[in-house]
Amino acid sequence: MITIPRPPVSIPFAEALQRKFGSAVSRSAQDCYIIEQPEILPSVCEFVFWELERPFAGLIVEEREQWELRYIFLLPNCGWANLLLRLPLTTRNVPSISAQVHAADWYEREVEDLFGLCFEEHPRLGDFILHDQVWQEGIAPMRKAFDAAAMHFEKRPQSDWRPTLVVQDPGAFAMPVGPVYEGGAGESVHFLLETVGEDVIRAVPRLFYNYRGVEKIAEGKSAEDVLLLSERFSAKSAFAHSLGYCLAVEQICGVEVPGRAAHLRVLLSELERLRHHAGVIDGICQSTGLSVSEAHAAIIEEQLLRASCVFTGHRYLFGLNAPGGLRRDFENGSVKELLAAVDAASTQLTRLEERLRYSSSFLDRLEDVGIVSPENSRDLNLVGPVGRASGLRRDLRRSLPYCGYEKYEFDIPSEIEGDGYARLRVLFAEARQSARLIHQASERLEPEPVCAGVEATTGAAIGAVEAPIGAALHWVRLDRDGGIERYRILSPSFRNWLGLHVAVEDFAFQDFPIILATFGLSAAECDR
Amino acid sequence: MSFWPLHGLRRGIQSTRYPHAPETAAGISPGRPLSTEFASAQHAADAASICPVGAITAAGNYAEVDLRACVWCQRCRFGSNPLRWDTGFEWSRSLNGSPLPEVFARSLHIMIVDAGDCGACLHEVKQLNNPLYNMHRLGFFLTATPRTADVLVVVGPVSENMRGPLLKTYDAMPDPKRVIAAGACAISGGVFGRTFMSAGGVGAVLPVDLEIPGDPPPPLAILHGLLVVTGRNQNAEVR
């Protein structure tokens, strides 16, 4: 049975917390709620996630005078709530909230691996980001004392590492896929598909082959240098991520971005979304083996890449964002040229969708395949087109508008079935909305400078954007010299990879590449 | 369903004629910065100081570009003191100068390994399979197994977790074989540099035969690199 999630309750967040927990949770400035006793953390998070129905957005850990663990929840139309837990630096153990909030599972595993903090009663810690066959336990690279430049750190890999198999049955076996597979066209991910024959019973992705320690190497760098990192850790959504980073820096420094820059940012974000979705659609067509449709989708994507290059000078929109606005302005003539290319791509996508809708063998591969129920997607807090195809109608452009999105007219397409075809329909519909937004943005461009001056100050802020894959949060803390003290990326792929296994399990082997393609995930964005 | 072949045929051939004819379509390449002469040494020094990765050095009135380090941030393209940029894409550099034996000239099997790539270089290699580039027409094929691969294309700065799989892939390839480092990260580590998690380029791990600068290198630059590695194009800059 499919149930639509109820709308959130309407009592103000602070009041609800106060009523339930009294003085155990005290409110400090900027929507920060301090949890006074560690023991009550799981019950507070459970209350916020399940009773108040606030989506969990991630965990941010900082090593300052104390450990500062921030559990971030989204308050639609208001902002973010930080549930802050402070612990002395000597602490080793932290209460786990994964049993209450399943979406926190991977965040806790990540923190355990990188900071060496142990989450009590978490069933599966270790061997996550630092693979056990490469690193021994007990290394905590995100701690301040760890030197990122120390190349020849003594490593004691566990050469006899074996994956943990769960399915116990006569005839059960595990099929390993990756990390080098698919003729190299795929990113580095390893899958362990456990089966007793035809159906995948358990599917565990092993990620972080691409972990480059972006958050670690950002520390101590200047804000300009980290901007390069923010757009280069995940190229397929480079503009969205650099925008998230810039929004955070602008918020700290109290900068007002000029109107022209804000509209151009909307235009470029939507151009990226359109190109990204065309690429995912291409991947879906490829996975089903319908090669003519694949060729058509690939041509649409390549033409959008070329249009991006003609417009901005870079096929993947690198080097455009800067704290305070944009690095350069665009002429009205080139905007017109871009609009023509966007219209052509949009028309061709609509035509492609029509044809795919009448291709029964194609639909057979997608319909009722890889289902994520609305309950599961809410439980695991899925974001982006994947979440929206399972009834989670969440979009930061609507719930926490940035760059003036509140002044734009657009729909947020959503579906309820949660199968592969629903995800494909959402992708096509979002691409149409992006084309619509590009047109609106182009009509609002007034002659104005595109960059405001930024004076560095200290502080921390969240920059949140709706990247093509979903909600992306960038937490930036600037130190006294305008350098980066802490940079944390809560990426949408990280959240959606956690939900992939739900879609894969109990489907046949041959459905696996198709389900993977409909999720449209990026390993680089997840791994950082 | 029967309409698909018809739609495919109706489109006709859209593939580029490169390398048999020059390709000049707009947007196929971001171009590259060129060493530029300025009016004064001060101007050249100013132009060099703009580069966030130190790829530009000032020598007298000249600002010289090290393409291996460039990350295509375009700061030297649109600033007040811009460098010259060209629009081509034939900029791969052969490091040892010896292409594969002639037997590989018409049929080459290519293995790609993503060693910590951001997705751009990988995607640009993948684009070579789309109808606009269609590298099959030149006898180039992507292969899923190192046992049949002749050329290893590595993208990304070689993350620590991928070092093992990369070495295993290389070892499993039969001789003769060539290694191509595609993109700024694969050449020099790019913005990730040499850290506990990044080897700082493929050269630190494997013998590299050809480098393709770019962040990311556009599809035709990669195609040019493949032509050089098979000895079918002599336009490479040999170091």
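Residue numbers (the numbering used here), protein chains in the order written: chain L, 449 to 976; chain G, 470 to 708.
Each residue gets a CB set at the ideal place from its N, CA and C atoms; glycine is no exception.
Here the structure is a predicted model, which means the values were calculated and not measured.
So residue i and residue j are in contact, right, with Cβ under 8 Å, and what is the actual spacing, rounded?
i, j, result
"Leu537/L", "Val660/G", "At roughly 31 Å, the Cβ-Cβ gap does not stay under 8 Å, so Leu537/L and Val660/G are not in contact."
"Trp498/L", "Leu946/L", "That pair is no contact at about 18 Å."
"Gly918/L", "Val728/L", "Incorrect: roughly 12 Å between the Cβ atoms, too far for contact."
"Ser808/L", "Trp473/G", "About 12 Å separates the two Cβ atoms, so there is no contact after all."
"Pro833/L", "Leu797/L", "With 8 Å as the limit, Pro833/L and Leu797/L do not qualify as a contact, their Cβ atoms being about 14 Å apart."
"Pro861/L", "Ala877/L", "3 Å"
"Leu591/G", "Pro682/G", "So it is not a contact: roughly 16 Å between Cβ atoms."
"Ser670/L", "Leu719/L", "So it is not a contact: roughly 28 Å between Cβ atoms."
"Thr664/G", "Ala596/L", "5 Å"
Could you name the residues of the same chain whose beta carbon sits closer than 8 Å to that of residue i, not counting the 5 residues immediately before and after it, in chain order?
i, result
"Arg591/L", "Glu511, Phe563 and Gly564"
"Leu722/L", "Leu752, Val790, Ala793, Ser794, Ala879, Ser882, Ala883 and Ile886"
"Leu814/L", "Ile732, Thr736, Asp867, Gly868, Tyr869, Leu872, Ile962 and Thr966"
"Gly529/G", "Ala510 and Ala513"
Excluding sequence positions up to five away, which residues of its chain have a Cβ less than 6 Å from the Cβ of residue i?
i, result
"His578/G", "Phe610, Thr612, Thr617, Ala618 and Asp619"
"Glu569/L", "Ser544"
"Val623/G", "Val582, Ala584, Ala650, Ala655 and Val671"
"Val509/L", "Leu517, Val559 and Phe563"
"Ala915/L", "Ser685, Ala688 and Pro940"
"Arg976/L", "Val662, Phe681 and Ile937"
"Val652/L", "Leu640"
"Cys539/G", "Ala524"
"Glu933/L", "Arg925 and Asp927"
"His744/L", "Leu800"
"Val580/L", "For the record, residue 580/L in the displayed sequence is Asp; it is not Val. These residues qualify, in order along the chain: Gln606 and Trp609."
"Pro524/L", "Ser847"
"Arg604/L", "Gln584"
Locate the alpha helix (DSSP H) running through residue i, then write down its first and last residues.
i, result
"Asn530/L", "Looking at the DSSP string, Asn530/L is not in any alpha helix (DSSP H); the run it does join, the beta strand (DSSP E), is Gly527 to Leu535."
"Val697/L", "Ala686 to Cys701"
"Ala745/L", "Ser739 to Thr760"
"Ser657/G", "Ala653 to Ser657"
"Ser794/L", "Asn780 to Arg805"
Excluding five sequence neighbours on each side, which residues of the same chain lie with their C-beta closer than 7 Å to the C-beta of residue i?
i, result
"Ala720/G", "Look at the range of chain G in this structure, 470 to 708, and you will see that residue 720/G is not part of it."
"Leu691/L", "Arg713, Ser717, Asn769 and Val913"
"Asn829/L", "Pro503, Phe504, Ala551 and Arg943"
"Met666/G", "Ser628 and Glu629"
"Pro676/G", "Val648"
"Arg846/L", "Ile860"
"His725/L", "Leu875, Glu878, Ala879 and Pro916"
"Phe977/L", "Any property of residue 977/L remains undetermined from this structure, which presents chain L solely from 449 to 976."
Buried or exposed for residue i, going by 16 or more other Cβ atoms inside 10 Å?
i, result
"Gln881/L", "buried"
"Val644/L", "exposed"
"Met580/G", "buried"
"Lys784/L", "exposed"
"Ala653/G", "buried"
"Thr493/G", "exposed"
"Asp555/G", "exposed"
"Tyr481/L", "buried"
"Phe573/G", "buried"
"Lys664/L", "buried"
"Thr699/G", "buried"
Between which two residues does the beta strand (DSSP E) holding residue i run?
i, result
"Glu642/L", "His638 to Thr643"
"Met623/L", "Phe621 to Val625"
"Val627/G", "Val627/G -> no beta strand (DSSP E), and no H or E assigned at all."
"His578/G", "Leu577 to Asp583"
"Cys480/L", "Cys480 to Ile483"
"Phe507/G", "No beta strand (DSSP E) contains Phe507/G, which DSSP labels as neither H nor E."
"Val913/L", "Gly907 to Ala915"
"Ile886/L", "That residue, Ile886/L, is in no beta strand (DSSP E); its alpha helix (DSSP H) goes Gly868 to Glu891."
"Tyr555/L", "Segment Asp553 to Phe563 is the alpha helix (DSSP H) holding Tyr555/L; no beta strand (DSSP E) there."
"Ala919/L", "Gly918 to Leu926"
"Ala528/G", "Ile525 to Ala528"
"Phe661/G", "Taken as a continuous stretch (DSSP letters only), Phe661/G belongs to no beta strand (DSSP E), as it is neither H nor E."
Quick one: is the Cβ of residue i within less than 6 Å of any heavy atom of the ligand ZN?
i, result
"Ile649/G", "By its list of ligands, the structure shown contains no ligand whatsoever, and the ligand ZN lies outside what it can speak to."
So, do the region 861-879 of chain L and the region 830-839 of chain L have three or more beta carbon pairs nearer to each other than 8 Å? Enough Cβ pairs lie closer than 8 Å, so yes.
Determine, using beta-carbon pairs with one atom in the region 652-667 of chain L and one in the region 483-492 of chain G, whether at least three such pairs fall under 8 Å. Three or more Cβ pairs closer than 8 Å define a contact, and the region 652-667 of chain L falls short of that threshold against the region 483-492 of chain G.
Are there three or more Cβ pairs, one per stretch, closer than 8 Å when the region 675-691 of chain L is compared with the region 819-827 of chain L? When Cβ pairs closer than 8 Å are counted between the two stretches, the region 675-691 of chain L is seen not to touch the region 819-827 of chain L, the count staying below three.
So, does the region 685-695 of chain G touch the region 588-604 of chain G, judging by three or more C-beta pairs under 8 Å? Contact between the region 685-695 of chain G and the region 588-604 of chain G is present, with at least three C-beta pairs closer than 8 Å.
Count Cβ pairs between the region 881-892 of chain L and the region 753-763 of chain L that sit closer than 8 Å; are there 3 or more? Contact between the region 881-892 of chain L and the region 753-763 of chain L is absent, because fewer than three Cβ pairs lie under 8 Å.
Would you call the region 593-602 of chain G and the region 632-639 of chain G touching, i.e. three or more CB-CB distances under 8 Å? Here the region 593-602 of chain G does not lie against the region 632-639 of chain G, with fewer than 3 beta-carbon pairs under 8 Å apart.
Is it the case that the region 461-478 of chain L contacts the region 486-498 of chain L, given that we only count it when at least three CB pairs across the two stretches are under 8 Å? With the cut-off at 8 Å, the region 486-498 of chain L and the region 461-478 of chain L touch.
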